[in-house]
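Enquirer: Chains as they are written, first to last, in the numbering used here: chain A, 1238 to 1382; chain B, 1238 to 1382; chain C, 1238 to 1382.
Dropping a structure here in structure tokens format, bear with me for questions.
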Amino acid sequence: MAMMENVRPTEVIMGRLPHGSDLLEAITDICMKRNIRLGRVEALGAVTRARLGFYDQQTREYEYFTLEMPLEIASLVGNISLKEGRPMVHAHVTLADGEGRAFGGHLASGTTIFACEVIIESFGGPVFDRKFDPQTGLALWVDEK
Amino acid sequence: MAMMENVRPTEVIMGRLPHGSDLLEAITDICMKRNIRLGRVEALGAVTRARLGFYDQQTREYEYFTLEMPLEIASLVGNISLKEGRPMVHAHVTLADGEGRAFGGHLASGTTIFACEVIIESFGGPVFDRKFDPQTGLALWVDEK
Amino acid sequence: MAMMENVRPTEVIMGRLPHGSDLLEAITDICMKRNIRLGRVEALGAVTRARLGFYDQQTREYEYFTLEMPLEIASLVGNISLKEGRPMVHAHVTLADGEGRAFGGHLASGTTIFACEVIIESFGGPVFDRKFDPQTGLALWVDEK
Chain A
1238 MAMMENVRPT EVIMGRLPHG SDLLEAITDI CMKRNIRLGR VEALGAVTRA
1288 RLGFYDQQTR EYEYFTLEMP LEIASLVGNI SLKEGRPMVH AHVTLADGEG
1338 RAFGGHLASG TTIFACEVII ESFGGPVFDR KFDPQTGLAL WVDEK
Chain B
1238 MAMMENVRPT EVIMGRLPHG SDLLEAITDI CMKRNIRLGR VEALGAVTRA
1288 RLGFYDQQTR EYEYFTLEMP LEIASLVGNI SLKEGRPMVH AHVTLADGEG
1338 RAFGGHLASG TTIFACEVII ESFGGPVFDR KFDPQTGLAL WVDEK
Chain C
1238 MAMMENVRPT EVIMGRLPHG SDLLEAITDI CMKRNIRLGR VEALGAVTRA
1288 RLGFYDQQTR EYEYFTLEMP LEIASLVGNI SLKEGRPMVH AHVTLADGEG
1338 RAFGGHLASG TTIFACEVII ESFGGPVFDR KFDPQTGLAL WVDEK
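Laid out in structure tokens, this is it:
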């Protein structure tokens, strides 16, 4: 069953991620250090390279690809919840090259920050825990009630 | 006249939309059921197909097109307000294909969810009601004061 | 040093920006008039033309380019902070043309609104002041503690 729950805004954190660090890991680190177990994240900035995933809905595996060039982060939209009891950041990004062409996908490790400004909002509320979803093959939130 | 008003955050709802359902209708259904008449929505995920609109600023008509393929939802940014007294979701999406190429436009009915995680924030405040705007031909918020 | 601070939501403003005005300037004007010195902004809509920047990480200069055509604003993600004591809007946009192709980059002056719906959230908290960052050549937030 799908899941839709009321959550309660608790904290808002705003700042800049370190130059040269991994984008997904840097956001995850903040969530770990501040014990954020539920929330949303948004960001803009630029990367020196990107590694993105596309979920193949037939084979049910992520295909990863790398964009080996400087790119603007036109948008990063993501959420924070738990997987196996630990905070997991699920974020998708839109990137743009020097000619303005846009690329997008599931943010994977291997994306290196040039400069990145982030806003994280943490929520209190029910536990959002990712579990294997047989319908899609993905780790999704499941209503256990 | 344009309109710019203070609104008051009331609720935050987070969850997953049903696999196989229509993306725009699924968000609209939540707003209907929970009586959300003003707010914002964001989402990420994937679709099995998409139907988007582009507003032709000359002819003043939406041109709709369909992308008949699995796509990641790189971003969905939208708002909720009233049209003819009923909640209306206005959302734009950025989508990405298996090679990372990005597409975007006005989210139309006919976009089918593979997996979608959504955050909806409801607001209290003045009535935001969409009415015909002669300058653009669109249904926009109008300051009636 | 990078900077990551707790901020406190203060106001939410929702509305429509004037047809024909400059997108970046219209958002900046609202921040000036309402004395918003820290916050986030999101928007969707359409423009009659766009002017975007791409930061060249080698030469450390923005390259600007113009898209002389009607485009949907698929997303606008941005933040508000201070530069030389005045509110500065830093926003990135994803745009889409009549065939759904997406473009993106740093929003620059010279982007003309056809219709645009915006949500601005203002924050209280520490001063976020942009200063020259020698590592990137950009005006970024610096932790002065």
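Every residue, glycine too, gets a C-beta built ideally from N, C-alpha and C.
Keep in mind the model is a prediction, meaning the values are calculated, not measured.
Is glutamate 1242/B near the ligand NAP, judged by its Cβ being under 7 angstroms from some heavy atom?
Expert: The model depicted lacks the ligand NAP and carries no ligand whatsoever.
Enquirer: On a CA-only basis, which of Asp1334/A, Thr1373/A, Arg1271/A, Val1379/A is nearest aspartate 1366/A? Give me that one, please.
Expert: Of the candidates Asp1334/A, Thr1373/A, Arg1271/A, Val1379/A, the one whose C-alpha sits nearest the C-alpha of aspartate 1366/A is Val1379/A.
Enquirer: Any residues in the stretch 1245 to 1269 of chain C with a beta carbon nearer than 9 angstroms to a beta carbon of chain A? Which ones, in chain order?
Expert: Those would be Arg1245, Pro1246, in chain order.
Enquirer: Let me know the secondary structure DSSP gives isoleucine 1310/A once reduced to three states.
Expert: Note: isoleucine 1310/A maps to strand in three-state DSSP.
Enquirer: If contact is defined by three or more beta carbon pairs under 8 angstroms, each pair taking one atom from either stretch, is the stretch 1291 to 1300 of chain C in contact with the stretch 1301 to 1320 of chain B?
Expert: With the cut-off at 8 angstroms, the stretch 1301 to 1320 of chain B and the stretch 1291 to 1300 of chain C do not touch.
Enquirer: State the Cα-Cα distance for the pair phenylalanine 1351/A and aspartate 1370/B, rounded to the nearest angstrom.
Expert: One C-alpha to the other measures close to 42 angstroms.
Enquirer: Threonine 1285/C CB to nearest chain B CB: under 8 angstroms?
Expert: Yes, its Cβ sits closer than 8 angstroms to a Cβ of chain B.
Enquirer: Does the stretch 1264 to 1274 of chain B come close enough to the stretch 1282 to 1292 of chain B that 3 or more CB-CB pairs lie under 8 angstroms?
Expert: Touching, no, given that fewer than three Cβ pairs across the two stretches are closer than 8 angstroms.
Enquirer: Between histidine 1256/A and the rest of its own chain, which residues show a CB-CB distance below 7 angstroms, the 5 nearest in sequence each way excluded?
Expert: For histidine 1256/A, where only same-chain residues beyond five positions count, the Cβ hits under 7 angstroms are Ile1350, Phe1351, Ala1352.
Enquirer: Just to confirm, is the Cβ distance from alanine 1280/C to valine 1355/C under 8 angstroms?
Expert: Contact flag set, yes.
Enquirer: What residue does the alpha helix (DSSP H) around methionine 1269/A start on, and which one ends it?
Expert: From DSSP, the alpha helix (DSSP H) with methionine 1269/A extends over 1260 to 1270.
Enquirer: Name the one or two DSSP bridge partners that proline 1246/B has.
Expert: Bridge partners of proline 1246/B: Phe1360/B.
Enquirer: When we look at the beta-carbon of aspartate 1293/C and count the other beta-carbons within 10 Å, is it buried (16 or more) or exposed?
Expert: Exposed: under 16 other Cβ atoms inside 10 Å.
Enquirer: Between the alpha carbons of arginine 1323/C and glycine 1322/A, how many angstroms are there, rounded?
Expert: Cα-Cα distance, rounded: 43 angstroms.
Enquirer: Please classify glutamate 1358/C as buried or exposed, where buried requires at least 16 other C-beta atoms within 10 Å of its C-beta.
Expert: Buried, by the Cβ-count rule.
Enquirer: Please list the terminal residues of the continuous beta strand (DSSP E) segment that includes glycine 1342/C.
Expert: 1339 to 1344 is the extent of the beta strand (DSSP E) around glycine 1342/C.
Enquirer: Give me, in chain order, the residues of the same chain whose beta-carbon lies closer than 6 angstroms to that of proline 1363/C; leave out the 5 immediate sequence neighbours on both sides.
Expert: Counting only Cβ-Cβ distances below 6 angstroms, and skipping sequence neighbours, we find Glu1242.
Enquirer: Measure the alpha-carbon distance for glycine 1276/C versus alanine 1263/C and round it to whole angstroms.
Expert: Between glycine 1276/C and alanine 1263/C, the C-alpha separation is close to 16 angstroms.
Enquirer: Can you give the beta carbon distance from alanine 1339/C to alanine 1345/C, rounded, assuming they're within the 8 angstroms contact cut?
Expert: Actually they do not touch by this definition, with Cβ atoms about 18 angstroms apart.
Enquirer: Can you tell me which of the three DSSP states histidine 1329/C falls into?
Expert: Histidine 1329/C: strand per DSSP, three-state reduction.
Enquirer: Where do the N-terminal and C-terminal ends of the beta strand (DSSP E) with glycine 1290/B fall, by residue?
Expert: Segment 1276 to 1293, the beta strand (DSSP E) holding glycine 1290/B.
Enquirer: For arginine 1367/B, does the three-state DSSP call read helix, strand or coil?
Expert: Reduced to three states, the DSSP call for arginine 1367/B is strand.
Enquirer: Starting from the beta carbon of alanine 1280/A, find every residue of chain B whose beta carbon is closer than 9 angstroms, and list them in chain order.
Expert: Those do not exist, as alanine 1280/A stays about 11 angstroms from chain B at its closest Cβ, beyond 9 angstroms.
Enquirer: Using the three-state DSSP reduction, which class does glycine 1347/C fall into: helix, strand or coil?
Expert: Coil at glycine 1347/C, not helix or strand.
Enquirer: In its own chain, which residues sit with a C-beta less than 6 angstroms from the C-beta of histidine 1327/A, not counting the 5 before and 5 after it?
Expert: Same-chain partners within the cutoff: Gly1315, Asn1316.
Enquirer: If you follow the beta strand (DSSP E) that leucine 1304/A is in, where does it begin and where does it stop?
Expert: Start and end: 1298 to 1304.
Enquirer: Kindly indicate which three-state DSSP category glutamate 1354/B falls into: helix, strand or coil?
Expert: Three-state DSSP puts glutamate 1354/B in a strand.
Enquirer: Quick one: residues in its chain with C-beta nearer than 7 angstroms to the C-beta of proline 1246/C, no 5 flanking neighbours on either side, listed in chain order?
Expert: Around proline 1246/C: Glu1358, Phe1360.
Enquirer: Are the beta-carbon atoms of aspartate 1259/B and threonine 1348/B separated by less than 8 angstroms?
Expert: Their beta carbons are under 8 angstroms apart, which means aspartate 1259/B touches threonine 1348/B by this criterion.
Enquirer: So, for threonine 1331/A: in the same chain, excluding its five sequence neighbours on each side, which residues have a beta-carbon less than 6 angstroms away from its beta-carbon?
Expert: Answer for threonine 1331/A: Ala1311, Ser1312, Ala1339, Gly1341, listed in chain order.
Enquirer: If you reduce the DSSP assignment to three classes, tell me which class leucine 1375/B lands in.
Expert: Coil, per DSSP.
Enquirer: For isoleucine 1250/A, which residues of its own chain have a beta-carbon under 6 angstroms away from its beta-carbon, when the five flanking residues on both sides are left out?
Expert: Counting only Cβ-Cβ distances below 6 angstroms, and skipping sequence neighbours, we find Ile1357.
Enquirer: Drop a sphere of 10 angstroms on the beta-carbon of glutamate 1309/C, count the other beta-carbons inside from all chains shown, and report buried for 16 or more, exposed for fewer.
Expert: Classification for glutamate 1309/C: buried.
Enquirer: Name the DSSP bridge partner or partners of proline 1324/C?
Expert: Per DSSP, Leu1319/C.
Enquirer: With DSSP as the reference, label methionine 1240/B as helix, strand or coil.
Expert: Three-state DSSP puts methionine 1240/B in coil, outside helix and strand.
Enquirer: Hey, how far is the Cα of histidine 1343/C from the Cα of leucine 1254/A?
Expert: Going by the C-alpha atoms only, they are around 18 angstroms apart.
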